[in-house]
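2 protein chains.
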Amino acid sequence: MNDQTIDVDQLTPGARQVLDAASRLFYEHGIHAVGVDGIAEESGVTKRTLYNNFASKDALVTAYLQHRHSSWWPRLQERIDDAAAPRALALFDVYAEDALHVTRGCAFLNAAAELPTDHPAFAVIRHHKASIEELLARLVREDSPEEPTPDQLGRHLFLLLEGAFAHQGVRGRQLITEAREIARSLLQ
Amino acid sequence: MNDQTIDVDQLTPGARQVLDAASRLFYEHGIHAVGVDGIAEESGVTKRTLYNNFASKDALVTAYLQHRHSSWWPRLQERIDDAAAPRALALFDVYAEDALHVTRGCAFLNAAAELPTDHPAFAVIRHHKASIEELLARLVREDSPEEPTPDQLGRHLFLLLEGAFAHQGVRGRQLITEAREIARSLLQ
DNA sequence: AACCCCCTATACCGATCTGTGAAGTTCCGC
DNA sequence: GCGGAACTTCACAGATCGGTATAGGGGGTT
Chain A
1 MNDQTIDVDQ LTPGARQVLD AASRLFYEHG IHAVGVDGIA EESGVTKRTL YNNFASKDAL
61 VTAYLQHRHS SWWPRLQERI DDAAAPRALA LFDVYAEDAL HVTRGCAFLN AAAELPTDHP
121 AFAVIRHHKA SIEELLARLV REDSPEEPTP DQLGRHLFLL LEGAFAHQGV RGRQLITEAR
181 EIARSLLQ
Chain B
1 MNDQTIDVDQ LTPGARQVLD AASRLFYEHG IHAVGVDGIA EESGVTKRTL YNNFASKDAL
61 VTAYLQHRHS SWWPRLQERI DDAAAPRALA LFDVYAEDAL HVTRGCAFLN AAAELPTDHP
121 AFAVIRHHKA SIEELLARLV REDSPEEPTP DQLGRHLFLL LEGAFAHQGV RGRQLITEAR
181 EIARSLLQ
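Protein chains in written order, with the numbering used here: chain A, 1 to 188; chain B, 1 to 188.
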């Protein structure tokens, strides 16, 4: 399924440093505001090493989002597995915890705001958001089988979650806890 | 209140062309992806004229968002005035109509994703979003006085609206109509 | 030993970035 | 017809952009 995911453990040390530095800088300052010179300097590696490991800046941007998704997703799954019904609230909990260091909102929506829709990374963005929406829909179907319209409830929770997350960089992190409270009341 | 708004009618013709072209390009391609050379070329004026009317690219970015808010807000108010209760749904209607040409989601959230938080335009972004949230809260208080927690319902609608709008560039425009349907059911 | 891979350093490419300088033109109100 | 605002063209500055070139060092495998 995820044939494109980045296996961090098999990256060369230099490549790992490049990806880490690029992730920090892209998220903090935006993609177009960060140059490859800055990434190389921040990662303690020369541009030659950067281009030995990543074909282009665009490829590095794609790897940034792929890695962000593929390292976060198992952590979310773990929290879902440990949660009691309604497990959908576990997503809000994870987002609320992340909010302490994820101070500029959703990295995927931020990237979508900057990239052309035919950029290779755009497929990663769509995959990430579709995964979350499908996960919420499944959790609602399984945990609230008496619900007459589980699909609509799933989308309802998705909009609450993403609305709060999208505004995190503008409004701050209390919005996500308010969204969780609203979601909790919806799930009885 | 709005001492910083741009009065389009008293801009010089060249300045107006610059602002229009910059607005198109900033929204379509992002702020950092667009250079002043491209804005000058697209607007049919020279860079000299651009800098005679705007102190810097940052000032032009700020004017772009100020104008976008100050030209859209009266149109929204008009629709609110003409709407029947619950008037909050009129916001969803306006967003749904805008979606036909506003294909890359919210210009203010997109800008917030690219700009540093101390950029002058960031205050415009916060003002815009606070205005919408306050408007929704007021409409709910006035139209649904029987509601036990009108503030929470207002925030609930805000999150639905903004969640759908934020995803418009990724998921397309049917999400906003689904959000409207959910909002309608919440308002009975 | 030879080889290969990954790394280093430094210099360079053409293009583009924001912003400025100087000088000349068009148009409008007085 | 004059002044001035707004415009034009052209050139340029200094920096930075993404990306490449050359040359060599360090360590592990065979």
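Beta carbons are placed, not taken as given, at the ideal position from N, Cα and C, and that holds for glycine.
Straight-line Cα distance separating residue j from residue i
i       : j       : result
G38(A)  : D98(B)  : 38 Å
V170(A) : V102(A) : 12 Å
H67(B)  : I176(B) : 24 Å
I125(B) : L135(B) : 16 Å
D81(A)  : S70(B)  : 48 Å
D3(A)   : L160(B) : At D3(A), the pLDDT of 38 sits below 50, so the modelled position is not reliable and the matter cannot be decided from this model.
H119(B) : P148(A) : 47 Å
G44(B)  : T62(A)  : 35 Å
F158(A) : Q168(B) : 14 Å
W73(A)  : V94(A)  : 11 Å
A166(B) : S56(B)  : 28 Å
L65(A)  : P116(A) : 15 Å
T12(A)  : Q188(B) : 58 Å
A59(B)  : E41(B)  : 18 Å
Q10(A)  : V36(A)  : 22 Å
A21(A)  : T46(A)  : 13 Å
Q174(B) : E181(B) : 11 Å
S185(B) : G172(A) : 29 Å
R16(B)  : R75(B)  : 20 Å
V140(B) : P150(A) : 26 Å
H209(A) : S144(B) : Because chain A here runs from 1 to 188, residue 209(A) falls outside it and cannot be looked at.
Three-state class that DSSP yields for residue i in the structure shown
i       : result
I80(B)  : helix
G35(B)  : coil
Q188(B) : coil
H101(B) : coil
V45(B)  : coil
D118(B) : coil
G30(A)  : coil
G172(B) : coil
P86(B)  : coil
H167(A) : coil
T149(A) : coil
L109(A) : helix
S131(B) : helix
L25(A)  : helix
F92(A)  : helix
F54(B)  : coil
L157(A) : helix
S70(B)  : helix
L19(B)  : helix
L65(A)  : helix
Integer-rounded CB distance, given that residue j should sit under 8 Å from residue i
i       : j       : result
A179(A) : G154(A) : About 15 Å; that fails the 8 Å criterion.
G14(B)  : N53(B)  : 7 Å
L89(B)  : A183(B) : 6 Å
F26(B)  : V34(B)  : 6 Å
A121(B) : A107(B) : Not a contact, Cβ separation roughly 11 Å.
Burial state of residue i, where buried means 16 or more other Cβ atoms lie within 10 Å
i       : result
G30(A)  : buried
E28(B)  : exposed
M1(A)   : Caution is warranted here: a pLDDT of 40 is assigned to M1(A), below 50, making its placement in the model unreliable, and the coordinate value is therefore given only provisionally. Per the 10 Å Cβ criterion, exposed.
E114(B) : buried
E146(A) : exposed
E142(B) : exposed
S23(B)  : buried
E78(A)  : exposed
K129(A) : buried
R48(B)  : exposed
L100(A) : exposed
R87(B)  : buried
A85(A)  : exposed
E133(B) : buried
Closer than 6 Å: residue i CB and nearest the ligand COA heavy atom
i       : result
T149(B) : This structure lacks the ligand COA; in fact it carries no ligand of any kind.
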